[in-house]
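J.: Input: one structure, supplied below.
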Amino acid sequence: MSTLRFTALDGIRGVLAVMVMLSHMFGSLMGWPLVRPFSGAYLCVVYFFMMSGFVLTHAHSGGNFIKYLLTRLARLWPLHVISTTLMVLVYLYNKRHGGYVSSPDIFMISTYIKNILFLHGVTSYSFQLINEPSWSISIEFWASLLIPLIFTRLSLSIKIIIAAMSFIVLYLKNKSGIPPTFSTAALSMLIGSICYQLTKNNMAITFIREKYSLIFITFCGIICLTGIYALNKSRLDFFLLIAFIPLLFTDFLPEGSYITKILSSSFFSFLGYISFPLYLLHESIIVSGFLSVLPQNYLSLILASSSAILIAFLYARFVDDYLYRYLKQRIASLFK
């Protein structure tokens, strides 16, 4: 597997994770009205899927499938288990002190097991999610297995045909917008995989590096940000999915392009660095009651957001850096 990083995509991932956090915090503060800041942050998850398809197609260059599977587990499962366990502990504290508890099912062993086994979204039955943002992690894990099993084995033209047909079917079947399902994740990852394969085409790269490409990608970024901030579920979701495609090529813009320099800066690199723990751990801050600590809503929002970012950094720096490196070394040793 290649170790090359796409630094601009890392920056984009960090921005999207922050927007998901803010959407949930504004929703909690305001009582979850349809019209609120970052009401369209559900689109961020679709964008995460697309970026995963792009990056994982790059990373998997004909390697061993079992090694790929174990590496994906090492990336996703530890934090998923830790964040789920943390949520149970927060809910236990809340229950004993009269705080918020989403459902009594939270405390059932069977519910905990179903949550940590990546069963949400890929089985015929539903169950209570302990950590709400984790719904996408289960779907992402299973959909990502399609990359080495199917996507990397297909020609570019076949992948484009399948993606176009799948997009049309999804659009016709879902009048209320993009559904949070396995099929959405699979299509999004397929689109990401197609985009990565296009970077291997000299004509495509030449086109991306044309002077007007920077303007076009910037325009698409503004459209996506506007949708994330203000959109509610509708068929416009599908337009926003298409609008994100050019952003996948940001790292291939001419060297020194302002958008690449900004997204690769230390600030946005930091956001990318903490994006995964921020996405899965911020819900524990919300449920714990940090948003009601101070009487002023904006001060509570700042306190809660800062706490979530701090906890995400501490996890990334002192747990994930060491744990993921150790697990990858152990996996690599199995295939020597």
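If you're matching positions, the sequence shown starts at 1 in UniProt numbering and goes up one per residue. Yeah, the Cβ is synthetic: ideal placement off N, Cα and C, and Gly gets one too.
Distance check for residue 145 and residue 334, CA to CA, integer angstroms please.
T.: Cα to Cα, residue 334 sits roughly 20 Å from residue 145.
J.: Determine contact between the stretch 251-265 and the stretch 53-60, defined as no fewer than three beta-carbon pairs at a distance below 8 Å.
T.: With a cut-off of 8 Å, the stretch 53-60 and the stretch 251-265 do not count as touching, because too few Cβ pairs lie within range.
J.: What is the DSSP secondary structure of residue 210, reduced to helix, strand or coil?
T.: Here residue 210 sits in coil by DSSP.
J.: Leaving out the 5 sequence neighbours to the left and right, which residues in its chain are closer than 7 Å to residue 228 when beta-carbon positions are compared?
T.: Only 19, 38, 40, 41, 43, 44 meet the Cβ criterion.
J.: Does the separation of the CB atoms of residue 190 and residue 230 fall below 8 Å?
T.: Their beta carbons are not under 8 Å apart, which means residue 190 does not touch residue 230 by this criterion.
J.: CB-CB under 8 Å to residue 205, same chain, minus the five flanking residues each way: which ones, in chain order?
T.: Cβ within range, chain order: 199, 252.
J.: Between residue 311 and the rest of its own chain, which residues show a CB-CB distance below 6 Å, the 5 nearest in sequence each way excluded?
T.: Closer than 6 Å at Cβ, skipping near neighbours: 281.
J.: Tell me whether the stretch 266-276 and the stretch 9-19 touch, counting them as touching only if at least three CB pairs, one residue from each stretch, are closer than 8 Å.
T.: With the cut-off at 8 Å, the stretch 266-276 and the stretch 9-19 touch.
J.: So, does the stretch 136-153 touch the stretch 175-189, judging by three or more C-beta pairs under 8 Å?
T.: Touching, per the Cβ criterion.
J.: Check whether the stretch 170-189 touches the stretch 102-122, counting contact only when three or more Cβ pairs, one atom from each stretch, lie closer than 8 Å.
T.: Segments in contact, yes.
J.: Between the stretch 96-106 and the stretch 232-245, are three or more C-beta pairs nearer than 8 Å?
T.: No: the two stretches stay apart, fewer than three of their Cβ pairs being nearer than 8 Å.
J.: By the three-class DSSP mapping on this structure, what secondary structure does residue 5 have?
T.: Here residue 5 sits in coil by DSSP.
J.: When the Cα of residue 153 is compared with those of 109, 194, 22, which residue comes out closest?
T.: The residue with the shortest Cα to Cα distance from residue 153 is 194.
J.: Helix, strand or coil: which one does DSSP assign to residue 155?
T.: Residue 155: coil per DSSP, three-state reduction.
J.: Smallest Cα separation from residue 107: which of 117, 89, 116?
T.: Closest option to residue 107, Cα to Cα, is 89.
J.: Going by DSSP in three states, residue 32 sits in which element: helix, strand or coil?
T.: Residue 32: coil per DSSP, three-state reduction.
J.: Under a three-way DSSP split, which group does residue 62 fall into?
T.: If DSSP states are grouped into helix, strand and coil, residue 62 belongs with coil.
J.: Terminal residues of the continuous alpha helix (DSSP H) containing residue 330?
T.: Where residue 330 is concerned, the enclosing alpha helix (DSSP H) stretches over 321-334.
J.: With DSSP run on the structure shown, which of helix, strand or coil describes residue 193?
T.: If DSSP states are grouped into helix, strand and coil, residue 193 belongs with the helices.
J.: Which whole runs of the alpha helix (DSSP H) in the stretch 237-264 are 4 residues long or more, in chain order?
T.: DSSP runs (the alpha helix (DSSP H)) wholly in the stretch 237-264: 258-263.
J.: Using only CA atoms, which one of 105, 176, 115 lies nearest to residue 77?
T.: When each option's Cα is compared against that of residue 77, the closest is 115.
J.: Quick one: Cα of residue 82 to Cα of residue 31, how far?
T.: The alpha-carbon atoms of residue 82 and residue 31 are separated by roughly 28 Å.
J.: Between the C-alpha atoms of residue 244 and residue 127, what's the straight-line distance to the nearest angstrom?
T.: Answer to the nearest angstrom: the Cα atoms are 32 Å apart.
J.: Work out the CA separation of residue 299 and residue 266 for me, nearest whole Å.
T.: The straight-line gap from Cα to Cα measures roughly 26 Å.
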